[in-house]
Amino acid sequence: MNLFSEIRALVIEALEAMQAEGKLPEGLDFKNVAVEPPRDALHGDMATNAAMVLAKPAKMKPRDIADVLAGKLAEDARVSVAEVAGPGFLNLRLAPVLWQNVIKAALEAGQDFGRSAMGADKKVNVEYVSANPTGPLHVGHTRGAVFGDALASLLDFVGYDVTREYYINDGGAQVDVLARSSYLRYLEQHGETVEFPEGTYPGDYLIEVGEKLKAQYGDKFVGQPEEVWLKEIREFATEAMMDLIRADLKALGVEMDVFFSEKSLYGTGRIEGALETLENKGLIYEGVLEPPKGKKPEDWEPREQTLFRSTDHGDDVDRPVKKSDGSWTYFAPDIAYHYDKVTRDFDALIDVFGADHGGYVKRMKAAVSALSDGQVPLDIKLTQLVKLFKNGEPFKMSKRAGTFVTLRDVVDQVGPDVTRFVMLTRKNDAPLDFDFDKVLEQSKDNPVFYVQYAHARVCSVIRKAEAAGISVDDSTLLAADLTKLDSDAEINVAKKVAEWPRLVEIAGRTNEPHRIAFYLYELASELHSHYKKGDEDHSLRFLQEGDAAASQAKIGLARAVAVVISAGLGILGVTPAQEMR
RNA sequence: GCACCCAUAGCUCAGCUGGAUAGAGUGUCGCCCUCCGAAGGCGAAGGUCGAAGGUUCGAAUCCUUCUGGGUGCGCCA
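With UniProt numbering, letter number 291 in the first sequence gets 291, and the count goes up by one each step, no holes.
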């Protein structure tokens, strides 16, 4: 139930009635007519731009339209006041019963309040993390993981059939490096002193892999040339790394539906098939690329390569799919992978990349556009850097100094809930400061705490009510006489609750889960503010001594806030706190 | 050189398919605990929304140019 859509429907109805009465020309497009919360609450509860949007096509003055429309709307019982303001805005004040009904709807729907049918019957694929299986996840991956996961939950909440997917880059040279590094650890387990040359991974996390290799293979590979052990150890190590990554993700509360292996594309004709699809569209050719202007690579020489004509689909230059030695570039399996997603009948694709992969956005979009004949939209969300701080001091990451911060370090120190919420307190494409001390601070400038505290406060009130012998289970609250919520203060809280379904749709439409976090902060603020008003005006307190009926109505309001906070935190993957101890 | 992202209060950031007098937090200054959790609340001060043009009834938002920052740019994924 979205009150804003409901009132918008009412406005459209009134406009149509005006047309029927000849007060407005036929054939107007109402799609730009919006009903929104006004910037300033003094203007009313909702405002519509209908008169201004329609003035030009209707060849009428905005105020003339607005005056008639205001009269029509005022006839409806739901509208208590409709007045024209400014150049032609129409401000509406709604009957209190509408806000009371919002509370009722929230209590009735519980966690499902605000769910939308926006994405009904549509399948969307969200690909995120997709880190190389060569080591544990670090902080950068953490942000991508949290963002992608919250986005997936958000899309689920607005009705999409969501698939959470991880693309395992297990087909390139980096897994060979992993295998060689693991082999060194294996030799180490056999008592050899090993050195890690440039281009291998010296990380401690491979020691365990070395141990397991020894347990599995004994001394079978000792002293053997690479061709004997590379393939087996590569598979073994890759699997071990994926186990590690899966465990890391789980610690953060992220669970994927699909792990898609790049390797599975090789030797099966799937890459060839995807490229053939492009070739059939005339988008593959042999050619020579121009060198990038301005920065000239030292070793540049013109080379003929197999190219994808991505410029036909919005890219700046055509992209190579084959290296000069005839083997695939990394882009080729990426094309095949996205082709696979297209053929799995998704209505929309979303890729979450780190900002350092921003250069691949255009070519990936071009590929999907070409492969789906423009039918499947691909949205690519980039997550910016996370800057770490400790006690307000920048915290430099260095592998050599051993201060390399992994996802596990973060989760172990501050917990998954705090990690997730903080990572979502910035827009995905804005850099994020993450201060290990600040995020654990229990104060107002820590949004995690502030929102959790609001939820805990409601829980506390409910506990108090129970202790006082007042029945406050959800069905009792639902049956309470909510018309008792008639003060301005209470209606204001209800108004904020009423924004939730609309906010969810906006966030879902823009693929921006951070909006949920910001809204929850505002809602928490309303709750805290209202709570405080009870100090002065006891009639606003949730718990009304000696009056169970009044208490139940007021606690109903509090409970509605808690339900929305809980649902919102649920989307972000954060557990609501029952108490702050 | 080109492409993408960013530029909003002293600081960190929101800002809805373009809407009214641009909002939070923090910092500064002031106020509020015999009473549902003060881990909180209320108020004051603080802005030519990087600059200049353009589109529009209306621009922080869309377009162009410029300035300043970040990222990336053919046999690395």
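Where a beta carbon is used, it is the ideal one built from N, C-alpha and C, also for glycine.
Fair warning: this is a prediction, and the values are worked out from it, not measured in the lab.
Would residue i and residue j qualify as a contact pair, given that the criterion is a beta-carbon distance under 9 Å?
{"i": "T575", "j": "D409", "result": "no"}
{"i": "F89", "j": "P38", "result": "yes"}
{"i": "K554", "j": "K464", "result": "no"}
{"i": "T306", "j": "Y285", "result": "yes"}
{"i": "Q174", "j": "T134", "result": "yes"}
{"i": "V53", "j": "I7", "result": "no"}
{"i": "L265", "j": "A370", "result": "no"}
{"i": "A560", "j": "L107", "result": "yes"}
{"i": "S5", "j": "I571", "result": "no"}
{"i": "P501", "j": "S116", "result": "yes"}
{"i": "A14", "j": "L73", "result": "yes"}
{"i": "residue 627", "j": "V451", "result": "A question about residue 627 goes unanswered here, because the residues of the chain that appear run from 1 up to 581."}
Could you pull the start and end residues of the alpha helix (DSSP H) that residue i belongs to?
{"i": "K532", "result": "514 to 536"}
{"i": "E272", "result": "270 to 280"}
{"i": "S5", "result": "3 to 20"}
{"i": "K390", "result": "No alpha helix (DSSP H) contains K390, which is instead part of the beta strand (DSSP E) from 386 to 390."}
{"i": "T142", "result": "139 to 157"}
{"i": "N101", "result": "96 to 109"}
{"i": "G568", "result": "548 to 572"}
{"i": "residue 590", "result": "For residue 590 there is no data in the structure shown, the boundaries of the chain being 1 and 581."}
Between which two residues does the beta strand (DSSP E) harbouring residue i extend?
{"i": "L543", "result": "No beta strand (DSSP E) holds L543; DSSP gives it neither H nor E."}
{"i": "S80", "result": "79 to 85"}
{"i": "L184", "result": "Counting along the chain, L184 falls outside any beta strand (DSSP E), though it belongs to the alpha helix (DSSP H) covering 173 to 189."}
{"i": "I284", "result": "284 to 288"}
{"i": "G354", "result": "348 to 354"}
{"i": "L382", "result": "378 to 383"}
{"i": "E26", "result": "Per DSSP, E26 belongs to no beta strand (DSSP E) and is neither H nor E."}
{"i": "S124", "result": "This sequence places Val at residue 124; Ser is not what is there. That run of the beta strand (DSSP E) goes 123 to 127."}
DSSP three-state label for residue i, please.
{"i": "residue 597", "result": "Since the first and last residues shown for the chain are 1 and 581, residue 597 lies out of range."}
{"i": "K59", "result": "coil"}
{"i": "Q305", "result": "strand"}
{"i": "I168", "result": "strand"}
{"i": "P333", "result": "helix"}
{"i": "K322", "result": "strand"}
{"i": "M46", "result": "strand"}
{"i": "L92", "result": "strand"}
{"i": "K427", "result": "coil"}
{"i": "E211", "result": "helix"}
{"i": "V194", "result": "coil"}
{"i": "T200", "result": "coil"}
{"i": "E239", "result": "helix"}
{"i": "E505", "result": "helix"}
{"i": "P447", "result": "helix"}
{"i": "S261", "result": "strand"}
{"i": "D67", "result": "helix"}
{"i": "T483", "result": "helix"}
{"i": "K464", "result": "helix"}
{"i": "F434", "result": "strand"}
{"i": "E393", "result": "strand"}
Let me confirm a value: residue i is counted as buried when at least 16 other C-beta atoms fall within 10 Å, else exposed. Which label applies?
{"i": "V126", "result": "buried"}
{"i": "G392", "result": "exposed"}
{"i": "R344", "result": "exposed"}
{"i": "G148", "result": "buried"}
{"i": "P136", "result": "buried"}
{"i": "D45", "result": "buried"}
{"i": "E536", "result": "exposed"}
{"i": "K341", "result": "buried"}
{"i": "P513", "result": "buried"}
{"i": "E490", "result": "buried"}
{"i": "R581", "result": "exposed"}
{"i": "G140", "result": "buried"}
{"i": "N32", "result": "exposed"}
{"i": "D257", "result": "exposed"}
{"i": "F308", "result": "buried"}
{"i": "G314", "result": "exposed"}
{"i": "P333", "result": "buried"}
{"i": "D412", "result": "exposed"}
{"i": "V102", "result": "buried"}
{"i": "A524", "result": "buried"}
With residue i and residue j assumed to form a contact (beta carbons below 8 Å), what rounded beta-carbon distance in angstroms separates them?
{"i": "L385", "j": "A355", "result": "7 Å"}
{"i": "A517", "j": "L424", "result": "5 Å"}
{"i": "A131", "j": "G159", "result": "That pair is no contact at about 30 Å."}
{"i": "G287", "j": "E304", "result": "7 Å"}
{"i": "F113", "j": "V493", "result": "Not a contact, Cβ separation roughly 15 Å."}
Is residue i near the ligand SAM - that is, is its Cβ less than 8 Å away from at least one heavy atom of it?
{"i": "D379", "result": "Ligands are entirely absent from the displayed structure, and the ligand SAM is therefore not among its contents."}
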